[in-house]
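A short write-up of the structure that comes next.
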């Protein structure tokens, strides 16, 4: 059984701040400070080029991938790290579309993170005639899977509302209709137990800087189901995904397995930070994490609904449909979030009217939740968000 | 005038090591230790999500690009950082091919780094019917540019031999024949003065972990000539290249200028290391760097040729055709390099028979060159490379 008071102590949480934005950028694992410093000083500094072998840099994308595999229910050696989530979405999409010719439709929903849609739009344009991204409402996804669909590209947990799709049901329906599936786990990996293999998912990808706490710009991951690994042609056929990168052949020949989805030189400093975080994750029981996550989100929903009647819950009440965040709608959402931030409660605003709060059992306490509810209630009761300084429009992330 | 004894003091160079592999992985700028630590501790740790604005993370890809622009003769705001070199090659290639329809031929040479060729092969396969990567010998490039060529994809300095192409001549010829140009500056950026704007280059890309000393897996850069920036469609259309990334529109609309070539979340820790290195580069006069580089490579060539008759020079003697490295051929090149490394002289082996040495004025001294020559001469005179421990085949980078 995971002791979440103990894991909380392993993170640096600034004094006086209630951080409910770990679904945007996870906080610093204390051990990452020394881990990154050691990589800079003792590995890069002292080993120089020999670090690729001596410090195991070359193998990190697959070794780290194997540690993430447990968190997302993936088979050994089926997860490769690198690049960014958008790039990994592109790779999965390009492979899947080619595997499922002559179909040409990518099905997604309007709750997907826009970058996934953009990458699909870009790829469809590159592929040309007939390729199409079809976007439906989240609740229409299941019915929209027909036998014209080549691949479904769905983010399991909605980045705005926290609504969770039924991965097993959508995957089963897709397969019944002859479609392949790509699951974006940006708001799932480290947020709740994911069972890729059990659900029969074909491809998946996700980022590591949210619930997995790897720091700003940490590398992404891609999952390729073992049954597809030898057929999936990497559209981004870089040398690190070559079967023999150091033979310097003039012709590309993909590596065996998911390693073929590596592209260029891996970001060793970012990977070091991620490894420090995974030292914590290695100890976490995912079922216990889910139980705790639902306690936290329930507590917040109950508290806010009891004190802030003008906020409308955007997150499903049904546990089966909820990720690890809670969102409310309000026309002045942007200003409300600015007021919250000024009082030390860090959440996120997502256009047009969503304020969202991430609940991350590794370091969110009941006291955090209570304090956040109290401050939000005070802001709403006194219309603090209605004063000019909180209305200034700024770029938010 | 740059004082290269002074810049040398700014790098961490392990005691007793002669490091001639800065063309593979540059050494650690001493200031990078604290710079990265500060980014981890004070920015990620204390600012958390607000670092995207407060610490300027969001703008780093273009701000850092502008500092590299001076080193490669690029216009302001025409260089974007991110991803890896292979990804940036793909982006340039996809845009250029689309801009130059209906032509379908990518011209490159067999001296190009294989990953560039692989990425082109992958893209041609994705684009389908008629798309072709045509690979000629390096010396045939100029004549091979005919009016079927859509784009030339040439690495200016050969990663094995150090032979330098004539960027201005090839670009002029390409334009005369209606082709666009992509220049890979992996072994040029920070190695010698590059004049992209003056040469009329269309696209360029490069990595930062070689001569630019950003550390293992540091981000790549892409250059788009200002005249193409509004027409170049990003094939990898990620949200960070969107005109309004935080509007979360469902449709992609490219940002103005080269910023559209950004894809996903930038790697902030790796960028911090690069910035520490650029603090040194900001002070370097590129003409002085070139003069010094040629002194160093001349000194090494003269020394080795006087003492090691069985080694065959693979690098051009003509200064105009030489980058900032020197390579020799020998059938036992791999074992010779192993012997050198065991004696503290770090160079690189490149299949099938090349030993290569990078000369990097920022920290390579005359004493380094002399010592390397002496040790190489001793190894060759005594056939030290002929003993079994140096013949063991291992993965080298």
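Protein chains in written order, with the numbering used here: chain A, 1 to 397; chain B, 1001 to 1397.
Using N, Cα and C, we set each Cβ at its ideal position, and we do this for glycine too.
Just so we're clear, the structure is a prediction, and the values are computed from it rather than from any experiment.
Assumed close pair residue i, residue j - CB separation to whole angstroms, cut-off 8 Å
i                       : j                       : result
residue 274 of chain A  : residue 64 of chain A   : 6 Å
residue 1220 of chain B : residue 1207 of chain B : 5 Å
residue 1209 of chain B : residue 1350 of chain B : Not really, about 17 Å apart at Cβ, beyond 8 Å.
residue 1428 of chain B : residue 1359 of chain B : Residue 1428 of chain B is absent from the structure shown; chain B starts at 1001 and stops at 1397.
residue 384 of chain A  : residue 277 of chain A  : Between residue 277 of chain A and residue 384 of chain A the Cβ distance is about 35 Å, and since that is not below 8 Å, they are no contact.
residue 1155 of chain B : residue 1202 of chain B : Going by Cβ atoms, the distance from residue 1155 of chain B to residue 1202 of chain B rounds to 15 Å, so no, they are not a contact pair.
residue 1345 of chain B : residue 1300 of chain B : Rounded, the Cβ-Cβ distance is 11 Å, inconsistent with contact.
residue 1040 of chain B : residue 1269 of chain B : 7 Å
residue 314 of chain A  : residue 126 of chain A  : About 35 Å separates the two Cβ atoms, so there is no contact after all.
residue 67 of chain A   : residue 285 of chain A  : No, residue 67 of chain A and residue 285 of chain A are not in contact; Cβ-Cβ is about 15 Å, not under 8 Å.
residue 192 of chain A  : residue 72 of chain A   : Not quite, the Cβ-Cβ distance comes to about 10 Å (not below 8 Å), so this is no contact.
residue 187 of chain A  : residue 1118 of chain B : In fact, because the Cβ distance is near 33 Å, the residues do not count as touching under 8 Å.
residue 107 of chain A  : residue 145 of chain A  : 6 Å
residue 1031 of chain B : residue 1010 of chain B : 7 Å
Three-state secondary structure assigned by DSSP to residue i
i                       : result
residue 1067 of chain B : helix
residue 30 of chain A   : helix
residue 1266 of chain B : coil
residue 1359 of chain B : coil
residue 180 of chain A  : strand
residue 388 of chain A  : helix
residue 1292 of chain B : helix
residue 204 of chain A  : strand
residue 1025 of chain B : coil
residue 1397 of chain B : Note that residue 1397 of chain B has pLDDT 42, beneath the 50 cutoff, so the model's placement of it is unreliable and no number is given.
residue 1014 of chain B : coil
residue 254 of chain A  : strand
residue 167 of chain A  : helix
residue 1194 of chain B : coil
residue 1354 of chain B : strand
residue 39 of chain A   : helix
residue 1369 of chain B : helix
residue 1304 of chain B : helix
residue 141 of chain A  : helix
residue 1173 of chain B : helix
For residue i, the residue or residues it bridges with in DSSP
i                       : result
residue 1133 of chain B : B:1106
residue 1152 of chain B : B:1107 and B:1181
residue 1312 of chain B : B:1329
residue 1284 of chain B : Answer by DSSP bridge pairing: none, since residue 1284 of chain B is not bridged.
residue 1019 of chain B : B:1346
Residue i: CB within 6 Å of a non-hydrogen atom of the ligand PLP
i                       : result
residue 1366 of chain B : The ligand PLP is not part of this structure, which contains no ligands at all.
May I have a chain-ordered list of the beta strand (DSSP E) segments no shorter than 3 residues that lie completely inside the stretch 207 to 249 of chain A? 220 to 224
Listed in chain order, which residues of the stretch 209 to 239 of chain A have Cβ atoms closer than 9 Å to some Cβ of chain B? 209, 215, 216, 217, 218, 219, 220, 233, 234, 235, 236, 237, 238 and 239
Please name the residues in the stretch 1027 to 1045 of chain B whose beta-carbon is closer than 7 Å to at least one beta-carbon of chain A, in chain order. Per Cβ criterion, the list reads 1027, 1028, 1032, 1033, 1036, 1037, 1040, 1041, 1044 and 1045.
In chain order, which beta strand (DSSP E) runs of at least 3 residues are fully inside the stretch 314 to 348 of chain A? 325 to 329
Mind checking the stretch 1341 to 1371 of chain B against chain A and listing, in chain order, the residues whose C-beta falls within less than 7 Å of any C-beta there? 1346, 1350 and 1351
Length-filtered (4 minimum) alpha helix (DSSP H) runs lying within the stretch 54 to 125 of chain A: 60 to 71 and 85 to 99
Along the stretch 1097 to 1120 of chain B, where does the CB come closer than 7 Å to a CB of chain A? Name the residues. Within the stretch 1097 to 1120 of chain B, the residues whose Cβ lies closer than 7 Å to some Cβ of chain A are 1110, 1114, 1115, 1117, 1118 and 1119, listed in chain order.
To be precise: take each residue of the stretch 262 to 284 of chain A, compare its Cβ to all Cβ atoms of chain B, and keep it if any distance is under 7 Å. Which residues remain? 263, 264, 265, 266, 267, 268, 269, 270 and 273
Between the stretch 171 to 190 of chain A and chain B, which residues of the former have a C-beta closer than 9 Å to a C-beta of the latter? none
The stretch 1010 to 1025 of chain B: which residues have C-beta closer than 7 Å to a C-beta of chain A, in chain order? Those would be 1012, 1014, 1019, 1021, 1024 and 1025, in chain order.
Going along the stretch 1243 to 1261 of chain B in order, which residues come within less than 8 Å of chain A, judged by CB to CB distance? 1246, 1247, 1248, 1249, 1250, 1251 and 1252
Listed from N- to C-terminal order along the chain, which residues in the stretch 134 to 162 of chain A have their beta-carbon within a distance smaller than 9 Å of any beta-carbon of chain B? 135, 159 and 160: these are the residues of the stretch 134 to 162 of chain A whose beta carbon lies less than 9 Å from some beta carbon of chain B, given in chain order.
Near-chain B residues of the stretch 49 to 64 of chain A - C-beta to any C-beta below 8 Å: 49, 50, 51, 52, 53, 57 and 58
Proximal residues, the stretch 1075 to 1100 of chain B versus chain A, C-beta separation under 7 Å: 1083, 1084, 1085, 1086, 1087, 1090 and 1094
Using a beta-carbon distance cut-off of less than 9 Å, what residues from the stretch 1314 to 1328 of chain B approach chain A? none
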